[in-house]
Every structure is written in C-alpha cells, then in structure tokens.
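K.L.:
First the structure, then my questions, so here it is.
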Amino acid sequence: MTQAPSSASAVKPIIEVRGLGKNFVLKRSVFSRPLVQIRAVDNVTLSLMPGETLAIVGESGCGKSTLGRLLMRLIKPSTGEVFIDGQNVTNISHAEMRQQRRHVQLIFQDPYASLNPRMTIAQTIAEPLMLHNIVPAGQRAKRVAELLEMVGLRPEQANRYPHEFSGGQRQRVVIARALAPEPKAIICDEAVSALDVSIQAQILNLLKDLQNRLGLAFVFISHDLGVVKHIADRVAVMYLGKVVEIGASDEIFSAPRHPYTRALLSAIPVAAPPSHQRSRAARLHGDLPSPLSPPQGCRLHTRCPHARPECKTVSMKLDVEASGHANACAFWRDLPAQDGTEGVREPRNPKLEKLFVAFEAMAARSAQTVKGG
Amino acid sequence: MSSLLARRLLQLIPTVVILSLIIFSLQHLLPGDPALVLAGENPDEATLAAVRAQYHLDQPIFVQYIFWVKGVMTGDLGESMRHNRPVLDLILLKLPVTLQLAIMGIVVALILGVLGGVISALRQNSAVDYATNVVSLAGISVPNFWLGIMLILFFSVHLGWLPASGFVSPSEDLKMNLSTTIMPAFVLGTAIAGVIMRHTRSAMLQALESDYVRTARAKGLSEWVVVFKHAMRNALTPIITLGALEFGALLSGAVLTEQIFTIPGFGKLIVDAVFTRDYSVVQGVVLVTSLFYIILNLLADIGYILVNPRLRS
Amino acid sequence: MSTSQNILHAPSARSVRADDAVPSVLDVSNLRVVFEGDTRTVTAVDGVSFSVKKGRTLAIVGESGSGKSVTSLALMRLLPEHTARVSGNVNFDGRQLLTEPTSTMRSLRGNRLAMIFQEPMTSLNPSYTVGEQIKEVILRHRQMSKKEAAERTIAMLRLVRIPSPETRYHQYPHNLSGGMRQRVMIAMALACDPELLIADEPTTALDVTIQAQVLELMRELQQKTGTAIVLITHDLGVVAESCDDVIVMYAGQVVEQCSVEELFTFPQHPYTVGLLGSLPRLDEKRERLAAITGTVPDMANPPAGCRFQARCPFRINKCAEMPALMEVSQSHFSRCWRAPMEDLVP
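Protein sequences appear in the order of chains P, B and D.
First residue of the first sequence? That's 1 in full-length UniProt numbering, and the numbers climb one at a time after it.
First residue of the second sequence? That's 1 in full-length UniProt numbering, and the numbers climb one at a time after it.
First residue of the third sequence? That's 1 in full-length UniProt numbering, and the numbers climb one at a time after it.
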C-alpha cells in the first residue's frame with residue numbers, strides 16, 4: 001500500500017461479526033417442521049478494519065457468499081451478532097437497516113444481471129444518491145459525471161443503456177453505483193470472476209486505485225487465489241461453512257498452516273513453464289462431502305492427505321497465534337514443512353520481466369496520449 | 001417422492017373444502033327460493049313448510065351445508081325435479097358419453113399438437129414452421145361452433161358421409177358410434193391442439209439448443225435418436241401437465257360442441273338443467289367435473305414426478 | 001469483410017524438430033468460419049491452421065470471442081449448418097472432415113473423434129442414467145451385445161476413478177457432483193478409444209481442487225491410451241500445467257504458436273505478453289497488474305491490419321498492414337511485425 005488508507009488511531013472495525021451462523025432449511029415435513037437443514041455458515045467470528053481488504057476464499061458450497069450477505073446483514077443470521085460501524089444490527093428493523101445499508105455496498109459477479117436494462121447509466125448511478133439524499137437534486141448530474149470518471153468511464157456515456165457496454169465496462173458502472181452512497185465498505189462477491197483475464201486486471205487495478213483514494217474497505221469473496229493474493233491484506237479460508245484459516249495474506253500464501261489452505265494453493269495451475277511446475281503432494285483426494293451431513297470432527301478428514309484417526313473426533317476450534325494468525329487444524333504443528341514458499345514461487349525469466357516492464361511502460365505512455373477506450 | 005406425494009395430497013384438502021363451499025353457495029346465489037321450486041306449482045304454506053323441513057331448508061345455513069356434504073359423501077347429490085330421478089343417476093348416464101368425447105378429443109389434440117410442434121421446431125423458420133403456426137393460431141381462434149357447423153355442412157350435408165347429429169352408444173353399434181363422435185371430437189381436439197403445439201414447439205426448440213443435445217450429436221448418434229430420444233423426452237414432460245389440464249377442461253367445457261352435434265353428454269345436461277332451473281343437477285354436474293379436474297391435476301403431478309428423475313429420488 | 005489477403009504460413013510445414021517423427025493426427029489449414037446473420041456477418045474464425053500430434057496435447061488459448069470454441073465445434077462439424085459457413089481443410093487420418101458426408105461424420109464422432117464440454121451440469125441428459133448414456137455411445141460404434149456394452153461402461157467408469165461404478169451406473173446426472181459428471185463425460189468420450197479428444201474448457205466450471213484432479217486424470221489417461229488432445233481454455237495456468245503445444249488466438253486468428261515451454265519462457269506476441277502480465281501472481285505482490293487496455297474488436301467489422309494494434313503498446317505504422325504468422329525461431333511463430341520481442345527489451 002503506497003498511501004496510508006486511514007489514520008492508525010481510528011481502529012474501530014467497520015464490520016464485526018461474532019459467532020455468526022446461518023442455517024438454511026432444505027426440506028420441511030408436511031407440517032413445515034424443518035427436516036433437512038444445511039449449516040451454510042457455522043460459528044464465524046471476524047472483523048473488517050477501515051481501508052483493508054479481507055478476502056474470503058473457498059470452493060463452491062463453502063458458504064463464502066452466504067457469509068458475505070450476513071456481513072452486510074442482507075440476510076438475518078441464525079446465530080451470532082453483526083455490528084456495522086459499531087452498531088449492533090443483528091435484530092434491527094428494515095427501515096433502520098436501510099439507513100445502515102448506505103455504509104456497506106455489494107457488487108455481484110454478473111454485472112449485466114445487476115443492472116436494470118431499462119435505466120440509463122446515469123439513472124442507475126443517481127438512484128442511490130436520491131435514495132439516501134446524498135447530493136441536492138441540482139448537483140446530481142455533476143456527481144454522476146464525477147463517479148463515472150472515477151471508474152474510468154466517460155461522462156458522455158451517462159445516457160447510454162447497459163447493453164451498449166462490454167462486460168468490463170458494465171462492472172465499472174456497477175462499481176460507480178456502489179460508490180454513489182459513499183460507503184465505508186464494499187463487498188465484492190466474485191466481482192471479477194466472469195471477466196476475461198485482461199479485463200479482470202483492469203477492474204482489479206481500478207478497485208485498488210479507489211481504495212487508495214477513498215480509504216474504502218473491501219470484503220473480497222473469490223475462488224481465485226491468484227486474484228486474492230493480488231488484492232487482499234488478510235485472507236479467511238472457508239471449508240464447508242467453517243473458517244479453517246485466517247491471517248495476513250502474505251503469511252497465508254508464504255506459510256499456509258491448514259492442510260486445506262495448502263491443498264488449495266497447490267491446486268492452482270501456475271502459468272510457468274512445465275519445467276518449473278510444482279509438486280502435487282499436498283493435493284486433496286476425493287470429492288466434497290455433502291454439506292447436508294458434513295463429516296464429524298475435522299470436516300476435512302475425508303479428503304486430507306495428512307489425516308489421522310484422531311481427526312474424526314477433534315474439534316475445529318481456531319488455534320490463534322500471537323500474530324493473530326489462526327487455523328483450525330489440531331495437528332498443524334506436526335505437518336511436514338510446507339513446500340509453501342518454494343511451492344508457490346514462479347521462477348521468472350529476467351528477460352521476460354524486462355519485457356513486462358517495457359509493455360507496462362509503453363502502455364502507460366500511450367494511455368496518456370490517447371485517453372479513454 | 002412419497003413425502004412429496006403426501007404433501008400434494010394434503011394440499012387437496014383445503015382445495016376440496018373451498019370447492020364444496022363454492023358449489024354449495026351456488027344454490028343460494030341463484031335467484032328464487034329453492035323451496036318454491038321444489039314444492040311444485042302453487043304450493044300452500046303447509047306444503048312449503050314440509051318441503052323446507054324435508055330438505056333442511058329451515059335450518060341455519062351452516063347446518064344445511066353439513067347435511068349437503070353428508071349427502072354428497074354417500075352419493076346423494078339430490079334429485080332432479082325435472083326428471084324425477086336422482087342426480088347421480090343422470091350423471092352416471094351421461095358420463096360415458098362425455099368421457100368418450102373427451103378422450104377422443106385429447107387424442108386428436110395430442111397427435112396434431114405434438115406432431116405439429118415437433119415438426120415446426122425441427123424446421124424452425126421454414127415455410128413448414130410458418131404454416132403450422134398459422135394453422136395452430138386458426139385452431140385456437142376459430143370458434144368451436146363455427147368449425148362444427150362447417151364440418152356438418154361439408155361432411156354431412158355436402159358429402160353425406162357422416163350423420164349431422166345424434167349419438168349412438170358404442171355397445172349398440174360401434175361403427176355408428178364412431179361416425180357420430182368423430183366430428184365433435186375433431187372440433188374439440190383442434191381447439192386444444194393449437195395450444196399444445198405452441199408449447200411443444202418452444203419446449204422442443206429449447207431442448208434442441210441444449211448442451212445435452214450437443215453432447216448427443218458429438219457422440220455420433222443419428223439425428224433421429226438425437227431428436228426423439230434425447231430432445232423429445234425432456235421437451236414432452238411439461239406437455240403432460242398441459243394435456244391433463246386440457247383434458248379436464250374438455251370434460252366440463254364441451255357445452256357448445258355437444259349442443260351443435262346434439263350429443264347427450266354433460267354439456268347438454270348442464271345447459272338443459274340451467275334453462276329449466278334444475279338446480280340440483282347443475283350443482284351435481286359442477287361438483288363432478290370439478291372433482292375430475294382436481295383428480296386429473298393430481299395425476300398430472302404424479303406423472304410429472306414419474307418421468308422426472310430429479311423429483312423421483 | 002474478406003481478410004484473405006494475408007498469406008498464411010502453413011505451420012504444418014514446420015521445420016524439423018526433435019519430435020517431428022511423431023505423426024500428426026489432425027491437420028487443420030486455413031479454417032474459416034463465417035456466421036451469417038440477418039443484419040451482420042461475423043467472421044469468427046479467420047484462417048486458422050495447426051496440427052495435433054499423436055499422444056500430445058495442444059492448447060488453444062484465448063479470451064471470449066477469440067474464436068477458440070467455434071474452432072473446436074467446426075472441427076467436429078457441430079455448428080448449425082444454416083448459419084455457419086465453414087471453409088478450409090481439416091485432415092483427420094487421411095480424411096477431409098469438412099467435405100465428408102454427414103453419415104461418415106456421424107460414424108467418426110464419439111468413435112474416433114470425441115469431445116467434452118465446459119458445463120458438466122448441462123451436458124448430460126437429465127432424463128437418462130449415467131450408465132445408459134455411456135452405453136449408448138458404445139452400442140452406436142461397437143459391435144457389442146448390450147451386456148458387453150454395460151460391462152465396458154462400468155470398466156470406463158472405473159477407469160475415470162468413479163467410486164462404486166456399479167451403483168453410479170444406475171444413477172442420474174443430478175445425483176453426481178460437478179467433478180463426477182465431468183468424469184462421466186470423459187468416460188463417455190473415451191469409451192470408443194478415440195484418436196483425438198477435443199476438450200472445450202473442461203475444467204472451467206469446476207473448483208480448483210477438483211480441476212486439479214480432472215486435469216491429472218486426463219493426463220494419466222492420455223499416457224495410457226495415447227489419445228491426442230486439443231484442450232481449449234482461457235486459463236494460462238491450465239495450459240502450463242497440462243499441455244505440450246499451444247496456439248494463442250485473438251479475434252479469430254492465431255497470433256502465436258509454439259511449445260508450452262517456449263510460451264511461458266518468452267512469449268513472442270504482445271497480446272500474449274499482456275495476457276501473462278495481467279495474471280495476478282502467487283509469488284509476489286505488485287501494486288498494479290499490467291492490464292491490456294481497451295477491449296476486443298467488433299468481429300463484424302474488424303480493423304484493417306493487425307487486430308491487436310488498437311490495444312498494443314508496441315504498435316508502429318506498419319501495423320496498419322496485416323502481418324502473417326511468421327517464424328521467429330525454429331518452432332516459434334508470431335503474427336507481429338515487431339517480433340522477436342527480444343528487440344523490445346531495453
């Protein structure tokens with residue numbers, strides 16, 4: 001981070017959750033008594049500090065999207081408490097929640113589905129301004145233009161409709177709308193997953209720029225660890241509704257503790273020459289167990305390469321280190337030294353690095369001469 | 001599956017209760033005092049009182065409802081004052097006629113509708129597709145009575161191939177039975193065929209565009225197998241529900257067609273009953289057709305569960 | 001819009017390499033696919049040439065709209081005939097696939113040429129059991145009794161490491177997880193021992209840990225059977241991990257062609273450089289990614305000259321002319337006037 005996003009004295013978290021859980025009823029009896037329940041999120045405690053990016057990673061069905069919605073109290077938790085900006089919002093009314101919603105905005109994966117096709121971009125972005133009465137009516141057009149410029153769109157494009165934009169541009173519009181109510185935090189749920197790599201990089205750069213400029217905090221929900229590594233300050237790894245590891249991004253990536261984190265890292269195919277591919281020892285075997293009946297004890301034991309008999313009975317209590325890094329593996333200290341640092345390192349050809357630098361430098365130069373695009 | 005079925009059956013209870021309430025109140029919504037109708041011409045007060053007592057008309061309406069429900073449960077749908085016969089007898093007499101007509105009608109509708117729908121989906125945007133669309137639209141929009149009259153004019157009056165009206169029971173003369181029912185069945189079928197065709201066409205188009213059909217083609221299967229085994233199986237499942245509902249409609253809604261061809265079925269029974277204010281018959285026919293409708297709906301749901309492996313397990 | 005003015009360097013005439021002794025299974029030259037709509041005509045694939053060698057995996061990599069998926073469907077002749085005009089030469093085992101009668105194509109598909117798709121969720125028919133769907137392709141192409149076909153089906157399920165195959169045989173696709181369904185697709189594709197397997201984004205819809213398993217399975221089966229694979233993907237990581245050769249597609253054309261080792265050691269086309277640069281990396285944290293500015297050109301109306309020029313930081317005046325796919329080094333081809341890229345490094 002080049003700029004300090006916020007003064008160090010204000011260390012009150014924007015979002016804080018304690019013992020958060022969410023059950024969904026999948027099947028009810030004839031008398032609508034719940035028969036089958038799924039614990040989508042199970043006993044999660046974490047907080048989001050101003051200006052930081054907390055990533056929530058995990059595979060499909062791990063509960064990361066549900067957790068994202070719980071964090072902004074879009075859905076009501078079954079257990080635990082949610083605090084937004086210091087206020088307990090676990091049980092507050094709809095009307096009060098609407099006021100709070102201003103502070104935490106949400107961006108989805110599919111920008112097309114989250115934009116109203118019959119509204120112009122200007123109308124879309126002005127809506128939250130109106131709703132929360134942020135700028136006087138006379139100055140709204142000017143504010144919309146500012147927001148458009150902020151996300152790298154041209155103010156002249158304000159009167160166009162969503163279908164006239166490409167996927168990347170639409171995601172920029174969605175970001176502009178999310179910025180309109182001047183939130184303190186934005187929850188990005190797979191916000192770049194549907195985009196092509198080159199466009200994804202544009203949006204990631206934009207998000208970082210906005211964070212530096214506005215001191216925003218992000219909750220970045222993603223299955224793509226490369227993206228997470230690039231953007232996150234802290235990372236929470238989830239498996240079957242449980243947070244199995246949480247810690248500073250650098251530590252998670254350089255010295256992952258939990259076998260699941262290790263497996264995730266080693267499973268990412270790395271864009272490096274085949275002669276530099278990593279070992280696959282840490283990988284998981286088998287399929288994800290049904291979330292309806294997660295395994296007893298440690299939920300990973302059915303797939304873990306390091307499983308031992310005790311794993312069937314241990315609790316998944318987070319073992320918190322002094323640094324704040326926590327993981328849920330009871331035996332992580334006994335695990336073989338992770339290939340961690342070596343495993344994840346992608347050896348680079350110095351000549352290629354120079355080529356990247358030349359590419360970036362030339363791109364930056366031409367961006368200055370031709371603005372927009 | 002069994003719990004799904006159990007829930008579906010439980011849902012029937014409120015439906016049937018509401019239905020019975022509606023049908024019961026029908027009697028009281030119609031103008032005139034039922035006792036007056038029941039007592040015959042120029043009754044004196046004593047006769048009226050006797051009739052009221054006999055039919056519990058002097059009781060509170062709630063008690064009347066209970067008596068009525070009790071009667072229905074034991075097969076007592078009341079008495080037709082015009083025919084002086086139990087309503088149930090009349091219904092049982094006419095039911096086979098209407099049932100035959102409805103079955104023939106739905107068969108015509110399914111053959112024309114599914115065939116037309118599949119062909120126009122396979123030849124999307126071709127002349128054949130447009131032609132079937134026009135024909136189906138005509139089937140939906142041409143009034144039954146007009147088509148009926150046209151058929152009578154052509155096949156009975158002009159060509160003299162088929163009798164213009166009347167009905168012969170199949171037990172009497174099967175050939176005559178068919179020649180008296182083929183035209184009304186065709187009239188009933190075409191109206192529904194259009195709807196079925198449109199649904200089949202869009203479901204087939206969707207199935208033909210699907211990934212699993214692409215997989216079937218990538219397996220080197222013949223186009224015949226791709227279309228009729230892979231696409232059709234999935235496209236036709238919604239047609240089951242549609243067909244059952246339309247069949248239910250046929251059982252109750254053949255009034256005009258039966259009138260035109262003077263077929264002594266439910267339609268004719270109910271029209272005659274309405275004109276002669278034979279309330280108990282109206283009530284009985286509406287009750288029976290509604291129950292048919294509910295049962296068919298249930299059967300359609302069961303059928304849907306049976307062909308859909310996702311719901312079966 | 002015709003782009004036939006550019007002369008293509010036929011890569012099948014590649015100069016001698018160590019593995020040139022390996023015969024090629026598929027030779028594609030100058031493949032073009034034009035979609036004719038009511039209002040616009042789009043050239044989705046514009047003069048693509050490549051060959052696939054026995055027992056090797058060729059990656060076709062590109063972003064959405066690059067024409068990579070259309071290329072694969074064109075090879076299988078699975079594009080709708082009334083809207084897609086396909087031309088060029090596709091030589092598979094001495095046959096010209098584009099001119100074979102439909103009946104011959106059908107006897108090849110699923111038999112000697114097989115394909116798997118991106119969405120294992122929707123690519124299997126929801127109304128038939130998994131076993132039935134695999135057995136069907138065996139019965140179609142092999143002289144076998146139903147019993148033998150069922151036995152072979154179970155053997156195939158076992159081969160793709162589906163636990164308790166006898167039970168799975170009788171299950172419907174919705175009973176299986178995404179990874180299991182993709183294994184079923186692979187079993188189905190390999191049931192008749194094809195010479196060539198075309199895999200269109202086979203792991204894109206899967207989670208990383210499952211993706212790793214499926215890619216490993218494909219690699220292992222390839223070693224066992226010697227099947228050549230064309231793997232279509234947008235994921236450079238997947239290319240690096242499981243392919244031997246690669247072509248990079250951009251806006252309907254091949255812009256770079258080489259071995260996977262060469263591509264990740266030193267790419268020779270600015271688009272590939274940009275793609276690699278825009279990948280977030282696991283080994284270091286950079287403040288910004290080297291994003292490629294702008295978006296792909298409109299394929300109904302592609303720009304004259306190099307199609308990447310509007311987004312290319314290295315463009316020069318000559319880029320207004322369409323470059324051919326030119327040899328940069330012995331086995332490395334690039335469609336760029338400024339190649340070799342070594343000259344651009346200060």
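Positions of the beta carbon are idealized from the N, C-alpha and C atoms, including for glycine.
Just so we're clear, the structure is a prediction, and the values are computed from it rather than from any experiment.
Which residues in the same chain have their Cβ closer than 6 angstroms to the Cβ of L58 of chain D, if we skip the five residues on either side of it in sequence?
P.N.:
Counting only Cβ-Cβ distances below 6 angstroms, and skipping sequence neighbours, we find V52, V230 and D245.
K.L.:
Taking buried to mean at least 16 other C-beta atoms within 10 Å of its own C-beta, is I152 of chain B buried or exposed?
P.N.:
The residue is buried, with at least 16 neighbouring Cβ atoms inside 10 Å.
K.L.:
Let me check you understand the geometry: is the CB of M49 of chain P closer than 7 angstroms to at least one non-hydrogen atom of the ligand PLP?
P.N.:
No copy of the ligand PLP appears in this structure; indeed no ligand is present at all.
K.L.:
Which whole-angstrom value describes the C-beta separation of I186 of chain P and F218 of chain P, a residue pair presumed to lie in contact below a C-beta threshold of 8 angstroms?
P.N.:
Between F218 of chain P and I186 of chain P the Cβ distance is about 6 angstroms, and since that is below 8 angstroms, they are a contact.
K.L.:
Anything in the segment 122-150 of chain B with a Cβ closer than 8 angstroms to a Cβ of chain D? List those residues in chain order, please.
P.N.:
Under the 8 angstroms Cβ criterion, the segment 122-150 of chain B contributes no residue.
K.L.:
Less than 8 angstroms between CB atoms is the rule here; does T122 of chain D satisfy it with respect to chain B?
P.N.:
So, interface residue.
K.L.:
Please compile the residues from chain P whose C-beta is within a distance smaller than 9 angstroms of the C-beta of V246 of chain D.
P.N.:
Under the 9 angstroms cutoff, chain P gives no residues; its nearest Cβ is about 11 angstroms from V246 of chain D.
K.L.:
Using a C-beta cutoff of 8 angstroms, does residue 405 of chain D count as contacting chain P?
P.N.:
Outside the modelled stretch of chain D, which goes from 1 to 346, sits residue 405 of chain D, for which no answer is possible.
K.L.:
Can you pull the chain D neighbours of S47 of chain P, defined as C-beta to C-beta under 9 angstroms?
P.N.:
Ordered by position in chain D, no residue passes the 9 angstroms Cβ test against S47 of chain P, which lies about 23 angstroms from the chain.
K.L.:
With burial defined as no fewer than 16 other Cβ atoms inside 10 Å of the residue's Cβ, what is the status of F228 of chain B: buried or exposed?
P.N.:
Counting Cβ neighbours within 10 Å, F228 of chain B comes out exposed, since fewer than 16 surround it.
K.L.:
Leaving out five residues on either side along the sequence, give the residues of the same chain with a beta carbon under 7 angstroms from the beta carbon of L208 of chain B.
P.N.:
Only A121 and A231 meet the Cβ criterion.
K.L.:
How should Y239 of chain P be labelled, buried or exposed, when 16 other C-beta atoms within 10 angstroms of its C-beta is the threshold for buried?
P.N.:
That one is buried.
K.L.:
Got a sec, what are the start and stop residues for the beta strand (DSSP E) A228 of chain D sits in?
P.N.:
Here the beta strand (DSSP E) through A228 of chain D covers A228 to T233.
K.L.:
Could you round the C-beta distance between L190 of chain D and M156 of chain D to whole angstroms and report it? I think they count as a contact, below 8 angstroms.
P.N.:
7 angstroms between Cβ atoms; contact.
K.L.:
Is it buried or exposed, L101 of chain B, if we count other Cβ atoms within 10 angstroms and call 16 or more buried?
P.N.:
L101 of chain B is buried by the Cβ-count criterion.
K.L.:
Please classify L292 of chain P as buried or exposed, where buried requires at least 16 other C-beta atoms within 10 Å of its C-beta.
P.N.:
Classification for L292 of chain P: exposed.
K.L.:
Can you tell which of D:I232, D:I198, D:E151 and D:R288 has the C-alpha that lies nearest to the C-alpha of T204 of chain D?
P.N.:
Looking at the Cα atoms, D:I232 is the closest of the given residues.
K.L.:
Go ahead and pull the three-state DSSP assignment for H83 of chain B.
P.N.:
Correct three-state label for H83 of chain B: coil.
K.L.:
Quick one: what's got a C-beta closer than 7 angstroms to P295 of chain P's C-beta in the same chain, skipping five residues either side?
P.N.:
Correct list, in chain order: P289, H301 and T302.
K.L.:
Under 8 angstroms, do V197 of chain P and S278 of chain D count as touching if we go by C-beta distance?
P.N.:
Going by C-beta atoms, V197 of chain P is nearer than 8 angstroms to S278 of chain D.
K.L.:
When the cut-off is 8 angstroms and only beta carbons count, does M76 of chain D lie next to chain B?
P.N.:
Yes, M76 of chain D counts as interfacial toward chain B.
K.L.:
Classify L90 of chain B: buried if its beta carbon has 16 or more other beta carbons within 10 angstroms, exposed otherwise.
P.N.:
Looking at its Cβ environment, which holds 16 or more other Cβ atoms inside 10 Å, L90 of chain B is buried.
K.L.:
Using a Cβ-Cβ distance under 8 angstroms, would G110 of chain D count as near chain B?
P.N.:
Yes, its Cβ sits closer than 8 angstroms to a Cβ of chain B.
K.L.:
So within the segment 198-264 of chain P, which uninterrupted alpha helix (DSSP H) runs reach at least 4 residues, ignoring any that extend past its ends?
P.N.:
Complete alpha helix (DSSP H) runs here, min 4: 225-231 and 249-254.
K.L.:
Let me confirm a value: S290 of chain B is counted as buried when at least 16 other C-beta atoms fall within 10 Å, else exposed. Which label applies?
P.N.:
Answer is buried; the Cβ neighbour count reaches 16.
K.L.:
Within its chain, find whatever has a CB closer than 7 angstroms to the CB of N30 of chain D; leave out the 5 residues flanking it on each side and keep chain order.
P.N.:
Taken in chain order, the residues that qualify are L8, G47, S49, G88 and N89.
K.L.:
Find the nearest neighbour of E59 of chain P within the set P:R234, P:I221 and P:Q171, judged by alpha-carbon distance.
P.N.:
Considering only alpha carbons, the answer is P:I221.
K.L.:
Using a Cβ-Cβ cutoff of less than 7 angstroms, which residues in the same chain neighbour N159 of chain P once the five nearest sequence positions on both sides are dropped?
P.N.:
Excluding sequence neighbours, N159 of chain P sits near T120 and A122.
K.L.:
What did DSSP end up calling S164 of chain D once you bin it into helix, strand or coil?
P.N.:
Three-state DSSP puts S164 of chain D in coil, outside helix and strand.
K.L.:
By how many angstroms is the C-alpha of V28 of chain D removed from the C-alpha of T341 of chain P?
P.N.:
Residue confidence is low: T341 of chain P scores 43 on pLDDT, short of 50, so the model does not pin down where it sits. Its coordinate-derived value is still stated next. Their Cα atoms are separated by approximately 43 angstroms.
K.L.:
Quick check on DSSP: helix, strand or coil for Q96 of chain D?
P.N.:
Q96 of chain D: strand per DSSP, three-state reduction.
K.L.:
Could you have a look at M180 of chain D and say whether DSSP puts it in helix, strand or coil?
P.N.:
Helix at M180 of chain D.
K.L.:
With three or more C-beta pairs closer than 8 angstroms as the rule, is the segment 255-267 of chain D touching the segment 220-227 of chain D?
P.N.:
Cβ pair count under 8 angstroms is below three, so no.
K.L.:
In whole angstroms, what is the alpha-carbon distance linking N116 of chain P and T124 of chain P?
P.N.:
Looking at the two C-alpha atoms, the distance is approximately 8 angstroms.
K.L.:
Have a look at the DSSP bridge pairing and note the partners of Q87 of chain P.
P.N.:
P:I84.
K.L.:
Identify, in the order they occur along the chain, each residue of the same chain with its Cβ nearer than 7 angstroms to the Cβ of R82 of chain B, setting aside the five sequence neighbours on each side.
P.N.:
Around R82 of chain B: T276 and D278.
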